[in-house]
Every structure is written in structure tokens, then in C-alpha cells.
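Under the numbering used here, think of the first position of the sequence shown as 701, with each following residue one higher. Inspection log for the structure reproduced underneath, given as C-alpha cells.
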Amino acid sequence: MKVVELLRNDGTPNVSYEIVPPKRGGSVSEILEIIEHLMEFEPPFIDVTSHSAQIYYEEQQDGSWRRHIKRKRPGTLGLCAAIKGRFGIETVPHLLCKGFTREESEDALIELNYLGIQNVMALRGDDSGFQKPVHGDRTRNEYAIDLVRQISAMNSGHFLEELIDAAPTNFCVGVAGYPEKHFEAPNIKWDVMNLKNKIEAGAEYVTSQMFFDNTSFFEFEAACRKAGITAPIIPGLKVLTSKKQLQSLPARFHIQIPEDLASEVAEAKDHEVPEIGVKWAIRQCDELLSRGFSNLHFYIIQTPHHASAVVKSLRKLA
Ligand code: FAD
């Protein structure tokens, strides 16, 4: 089923999750254990992130530098197929522009089509050290909208090369939205306009970047509706679990941690932080649910236990 068919608006929590593939060479069993744990909460779908190859340089004994290209966390497509096959649940592989040619994206989409995976999240990806594609380079997608266009074309039976027997694909495409604006966008209006363009190019729903202050999400949603975006917008949430995240989350994701939460965490003992984070997330979800946002999306980086503590509590409240 498509993600848009799995969304609900009946006031009861409908919680999906995003997980990260293991590091290269890591065991898949840990991830499958996480999903096993989450199955208790009947998630409508699971997103699996994608990680483009990174370029790094290693100094050699003779003082020269050797260039390496390495994909730290491969396996998004295989993991999606494994989860879907084992648990019978829909999965959403993330596909990136950065680090992939349009031909490689087409190949990945063909694989997914054969695997019966109908949902994808189209993203630009962040800087991987590769040169930015030259404007007009048709071998690579520059912005997420270019990937959305490529998938929409495949859904109409148009592949990169005109194929006589091409069977149209039937992908439901999700895209990213930023309640606190994407860090490169000069202002929220510009960012929302680019989001609207992604929807008009064929994306069917939006998943938001994580946020800790619901006001930013409500304002973003209102700005999207004002701009004419009618597609569902799923709030993305994360449970803050360590003091370190007061710095690392804003630095990595360009988001703000509200003062109240930051000072409570800063004053607490390390072992008290997860409980503070869980309580904060419950309050966020409670308010989102009361404002009609039944579909919630949790980012899970290492352990599912904090997100499930939130979901358990919401179920009791429902
Ligand atoms: P775009 O929609 O292309 O937007 C990027 C920036 O360019 C924005 O500022 C936008 O306003 C601007 N822009 C868009 N179109 C144009 C245009 N035509 N001309 C000029 N400016 C334009 N990253 C990963 O590497 N792997 C993942 O699995 C992953 N999953 C994510 C899931 C979610 C829900 C979210 C919110 C983010 C995720 N990211 C992931 C991070 C994402 O790749 C980065 O935030 C990236 O910097 C932007 O991606 P995008 O798809 O939003 O880009």
C-alpha cells in the first residue's frame, strides 16, 4: 500500500518510524530486533535512511594524500525488502540525488519496483565532498525536485532512455519539509515555495524535519496551506536523550532546542535526561494529536525504547 493510503485522521496516534542502516559490515539482526520491538505499536510504515558515499583523504607515509570514496552505511534497499518480507509492513527507502547519477537512481527504482516496494522518499542529501553537479548536467539530479520529476516520469512510463516496452512504475513519493526552514534557504517563504514545487512535480506527502517546539511546526503548516500545499504533512519527532544532543542536534540538523527544555536538561544529571526527553515528546505529541495531527513520525537513531515509551503513553491517553 502507499503511504498516503496508510495515513489516518481519526485522532488516534498513527506512528511511523525512521531507522538508519547499520555501518558497513554491521549485522542486520540489530535492526530487525528494533523493528520486532516496534511491531507491538503497529507502525503503518518504516522509513530507512540512505547514505551517499563520502570522499575522504588519508595521508601516506611519503607525505602524499590518498583519496578514498566510501559509503559508510550501504544497504537501504535490501533492508527495506528484508523488513517488508519478514514483517509484512510497508517500507520507505530514502533515495538521494547527492552521490548518485540519474541512471543509478533509475536502476534503484527498477530494483524497488521488482521488490514490490511502492513508496520512496526523494531527497537531495547533504554535502558528501563530491563536486556539486554543474548546472545543466543532466547525468545527475541537483535538487530533490529533479529526482521527484524523474520518478514521476517513470510513473508515466518514461525512463531515461525511451524504451519501447517500458511499463509505468507506481511509486508514491514523499519529500522533506523544514518547520524551521532549510538552512540554505534565505527565508521560509522561499523554502515553502520550493516545497510546493516538489508537490506539483508529483510528490504526494511531506515528512518534516525534527522539531522540539510545536509552534514552529504549526506556523510552517499554516504557511504551507497558505501557499496552496494540500498534501499531508507528517510531523517528525525525536526524543532528546543526552546532554550532548543539546549541541549535536542543532549543529547537525539546523534546528533549535527551546530554552525551557535546554535548561532542564542542562541542570539534570545525565541519567535523568532520557526521562525529561520522553516527557517533552509526550507533551509535543499530545498537543499535535489534539490539533488533529494523528500521523506522527519518530526518528530513531540507536534505540527504539524512548520513542516507544512515548507511544505507550499516548495509547493510554487515547
Ligand atoms: P531540496 O528540496 O532540494 O532543497 C534543498 C535546498 O535547496 C532548500 O534550501 C531549498 O529551498 C532549495 N531549493 C530547492 N529547489 C531549488 C531550486 N530549484 N533552486 C534553488 N534552490 C532550491 N539526508 C540523507 O543524506 N539521507 C537521508 O536518508 C535523509 N533523510 C531525510 C529525511 C527527512 C524527513 C528530512 C527532513 C531530511 C532528510 N535528509 C536525509 C537530509 C536532507 O538530505 C538534507 O536536509 C538536504 O540538505 C536537503 O534535502 P531536500 O530533499 O530537502 O532538498
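By construction, the Cβ of each residue, glycine as well, lies at the ideal position given by its N, Cα and C atoms.
Notebook entry, point to check: Taking the alpha carbon of K969 as the point to measure from, which residue in T941, H954 and N995 has its own alpha carbon closest?
Noted result: Residue 969 sits at position 269 when you count from the first residue of the sequence shown. It is T941 whose Cα lies nearest to the Cα of K969.
Note to self: Short of 8 angstroms in beta carbon distance, which residues of its chain neighbour I734, apart from the five on each side in sequence? Order them along the chain.
What the structure shows: Looking up residue 734 in the sequence shown gives position 34. Within the same chain, I734 has close Cβ partners I719, I1000, T1003 and P1004.
Margin query: With a threshold of 8 angstroms on Cβ separation, who are the neighbours of A867 within its own chain once the five nearest residues in sequence on each side are excluded?
Written below: Translated into positions along the sequence shown, residue 867 becomes position 167. Taken in chain order, the residues that qualify are G857.
Notebook entry, point to check: Going by the C-beta, is H882 closer than 7 angstroms to any heavy atom of ligand 1?
Noted result: The sequence position of residue 882 within the sequence shown is 182, counting from 1. True, at least one ligand heavy atom lies under 7 angstroms from that Cβ.
Margin query: Using 8 angstroms as the cut-off, can you tell me whether the stretch 746 to 755 makes contact with the stretch 766 to 785, which would need three or more C-beta pairs spanning the two stretches below that distance?
Written below: yes
Item checked: From A903, K898, I929 and P935, residue whose alpha carbon lies closest to that of S916 -> Start at 1 with the first residue of the sequence shown, and residue 916 comes out as number 216. Ranking A903, K898, I929 and P935 by Cα distance to S916 puts P935 first.
Note to self: Let me check understanding here. Comparing Cα to Cα, which of A981, R724 and R773 lies closest to K1012?
What the structure shows: Start at 1 with the first residue of the sequence shown, and residue 1012 comes out as number 312. Among A981, R724 and R773, the Cα nearest to that of K1012 belongs to A981.
Check: How far does the beta strand (DSSP E) with G877 in it reach, from first residue to last?
Finding: As a first step, residue 877 must be located in the sequence shown, where it is residue number 177. Counting along the chain, the beta strand (DSSP E) containing G877 begins and ends at C872 to G877.
Item checked: Top-ranked residue by Cα proximity to V728, from D846, T776, H882 and A876 -> Taking the sequence shown and counting its residues from 1, one reaches residue 728 at position 28. Nearest option by C-alpha distance: T776.
Next item on the list: Report the three-state DSSP secondary structure of V728 (helix, strand or coil).
Entry: The residue you call residue 728 lines up with position 28 of the sequence shown. Note: V728 maps to coil in three-state DSSP.
Item checked: Length at least 4, wholly inside the stretch 901 to 979: the alpha helix (DSSP H) runs in chain order -> 914 to 926, 945 to 953 and 959 to 967
Next item on the list: Pick out the complete alpha helix (DSSP H) segments inside the stretch 878 to 902, 4 residues or longer, and give them in chain order.
Entry: 888 to 900
Checklist line | Backbone CA spacing between S750 and K772 [nearest angstrom] | finding: Looking up residue 750 in the sequence shown gives position 50. Looking up residue 772 in the sequence shown gives position 72. Whole-angstrom Cα-Cα distance: 10 angstroms.
Notebook entry, point to check: By Cβ distance, which residues of its chain are closer than 7 angstroms to E975, with the 5 residues on each side in sequence left out?
Noted result: To locate residue 975, count along the sequence shown from 1; it is residue 275. Taken in chain order, the list of residues that qualify is empty.
Check: What did DSSP end up calling A1009 once you bin it into helix, strand or coil?
Finding: Position 309 of the sequence shown holds residue 1009. Helix, per DSSP.
Next item on the list: Under 8 angstroms by Cβ, that's how I've got N914 and N714 pegged, so tell me the actual separation to the nearest angstrom.
Entry: Position 214 of the sequence shown, counted from the first residue, corresponds to residue 914. Position 14 of the sequence shown, counted from the first residue, corresponds to residue 714. That belief does not hold up - the Cβ atoms of N914 and N714 are roughly 18 angstroms apart, past 8 angstroms.
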